[in-house]
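Participant:
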Amino acid sequence: MKSFFTVNNVLLKALAVLVLFIVIGTIYAMWSETLRINVTANTGELDAAIVTAYTSDSSPTTIDHNGAVDVWPTCENFTYNPDYNSWVAVLAGDLSWWTTDKAVAYATTLLEDTDGDGDYDKCYVKIHNAYPGYLVWFSLEVDNVGTIPLFIDYYIVNGTTLTKDQIIANDLVFLDANGDCQPEVMIQLYNLLGDQIEPGDGRESSWRILVLQPAKENSEYVIVIELVAVQWNESTYFTTPGP
Amino acid sequence: MYRINKLVGTFLALMVFATMFGVAYAMWSETLKVNVTVNTGEVDIEWSSVECNDEGIDPGYDKDVASCNVRIIDLEEEEAAKIHVEISNAYPCYTVVITGVVDNVGTIPVKLIGITLDGMEIEPCTEYELDLDGDESPDLSVHVEFVDLENDGTQIDPDKADEFRITIHVLQDAKEEWTYKFEMEFEYGQWNEVES
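So the protein lines, in turn, are chains A and B.
Take the first sequence: its position 149, counted from the start at 1, is 149 in our numbering, and no numbers get skipped.
Numbering-wise, our numbering comes out as the position in the second sequence, counting from 1, plus 1000.
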């Protein structure tokens, strides 16, 4: 009887374990479904391009324009940019211009795709056979060829950063190549800054380039102007929409 | 323990700072460049020829008595042309004409700024009487005339030329046994800076 009881006890334990397995099995056999959310972030592209660039005097046979500025910088106005070995002064002023009777100098443009992304990001403007007083208009159109709205935030002229406020207040940029405080070239930059350019849209700007009296014969003066485009919501011109 | 916490705190603060900086520099941007190159031209004139019409027999006469020598003076500046004139063994009424051609060998049109005779400014097409021996009476009369080859006044375009004629007449008060000499300089400037 005692051994029967012992056997029953063993059976009871085995049954208990079996019941436990069934219960666990039932739990695991419960129908289930997993819902998954795959998040794919496809980023856009910030891409600005120079689509057209031309001058008012692209042919040696086009009659020249001459001009003169109504302000002149002093040594205190100049900032030295060692990377460009150039002195830049920005002054408020204006220039006058007139038509001459001769076709002497001319200015050509060339576009280049330096990063190989299929659009032009660099423009070369070359003024040939220039002389003091020679004035030429240079026009360029900048398009937003990416998918993100952008602003042209600032210009950098031979290393000197120019914001919209500076351009509006002081729009004559004088460049002195030899540090004698006598600039050889002046550029008047019309404002491209602060206008939001939507994808597919563009803005055109026209600048004036004037060769000044201190320019020397048989010389070459180089000016590098950078236009820095940034995504619209990081631009200094971006304003958060109100409630 | 406190020291370790402080170290960890500083590290965390640096990480936060670096992250913020990273976000700031993560702003997408693109730079378009415009390279402007200005190549200037050159103002450069020179004589292509200068000659005197007395090459033997005195002009208007039948004898070889006086002589006229003219030579070009080299100048460092390219915007001027200068000649030296010497009249020897001359006599009253001796008259010679010096003809010279000024070429524009530069790339910019030029226009005559002015003429000087021994430093004195003179005008074209005007007769000047000169006292070169200092006796307070005129010895020579000089008249400069431009021959406008291009019909554009004193302006000379690149690769073009203008001609001038200097007429020298020996006056009655000229000294005997005296050599009269003078220098004449023609200064040119880029055409758009010289008033007509």
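Even for Gly, the Cβ is constructed at its ideal location relative to N, Cα and C.
1) Which one or two residues does DSSP pair with B:Val1080 in a beta bridge?
2) Looking at the structure shown, is A:Cys75 part of a helix, part of a strand, or coil, going by DSSP?
3) Per the contact definition of three or more C-beta pairs closer than 8 Å, is the region 157-174 of chain A in contact with the region 187-199 of chain A?
4) Could you tell me the boundaries of the alpha helix (DSSP H) in which A:Gln166 lies?
5) Shorter than 7 Å from the beta carbon of B:Glu1187 to some beta carbon of chain A?
6) Please decide whether A:Gly269 counts as near chain B, where near means a Cβ-Cβ distance under 7 Å.
7) Can you tell me whether A:Leu20 is buried or exposed, with buried defined as 16 or more other CB within 10 angstroms of its CB?
8) Check whether the region 1071-1086 of chain B and the region 1166-1186 of chain B are in contact - that is, three or more C-beta pairs closer than 8 Å.
9) For B:Cys1093, is the classification buried or exposed, using 16 other Cβ atoms within 10 angstroms of its Cβ as the cut-off for buried?
10) Name, please, each residue of chain B whose Cβ falls closer than 7 Å to the Cβ of A:His128.
11) Check the Cβ of A:Ser219 against every Cβ in chain B and list those closer than 9 Å, keeping chain order.
12) Between the Cα of B:His1143 and those of B:Pro1109, B:Gly1153, B:Glu1123, B:Asp1054, spot the shortest distance and give me the residue it belongs to.
13) Comparing the C-beta of B:Ile1108 with each C-beta of chain A, is any distance below 7 Å?
14) Can you confirm whether A:Tyr131, when its beta carbon is compared against all beta carbons of chain B, has any partner nearer than 7 Å?
15) Tell me, which residues are paired with B:Ile1166 by DSSP?
16) Quick check on A:Lys13: does DSSP put it in helix, strand or coil?
17) Measure the C-alpha to C-alpha separation of B:Glu1076 and B:Asp1139 and round it to an integer number of angstroms.
Facilitator: Working from what's here:
1) According to the sequence displayed, residue 1080 of chain B carries Ala and not Val. DSSP lists B:Glu1187 as partners of B:Ala1080.
2) A:Cys75 falls in the helix class under three-state DSSP.
3) Contact between the region 187-199 of chain A and the region 157-174 of chain A is established, with three or more Cβ pairs separated by less than 8 Å.
4) Per DSSP, A:Gln166 belongs to the alpha helix (DSSP H) from 164-169.
5) Using a Cβ-Cβ cut-off of 7 Å, B:Glu1187 does not count as an interface residue toward chain A, since no Cβ of chain A sits closer than that to its own.
6) Summary: the structure shown does not reach residue 269 of chain A, with chain A confined to residues 1 through 243, and so no result is reported for it.
7) With fewer than 16 other Cβ atoms inside 10 Å of its own Cβ, A:Leu20 counts as exposed.
8) Three or more beta-carbon pairs drawn from the region 1071-1086 of chain B and the region 1166-1186 of chain B are found closer than 8 Å, and the two stretches are therefore classed as touching.
9) It is exposed - the Cβ of B:Cys1093 has fewer than 16 other Cβ atoms within 10 Å.
10) At a beta-carbon threshold of 7 Å, the residues of chain B lying near A:His128 are Asn1039, ordered along the chain.
11) The answer, in chain order, is Val1038, Asn1039, Thr1040.
12) Comparing Cα-Cα distances from B:His1143 to each of B:Pro1109, B:Gly1153, B:Glu1123, B:Asp1054, the minimum goes to B:Glu1123.
13) Output row for B:Ile1108: interface = yes.
14) Yes, contact with chain B.
15) In the DSSP output, where bridge partners are listed per residue, B:Ile1166 has B:Ile1098, B:Val1144.
16) Here A:Lys13 sits in helix by DSSP.
17) Computed Cα separation, rounded: 31 Å.
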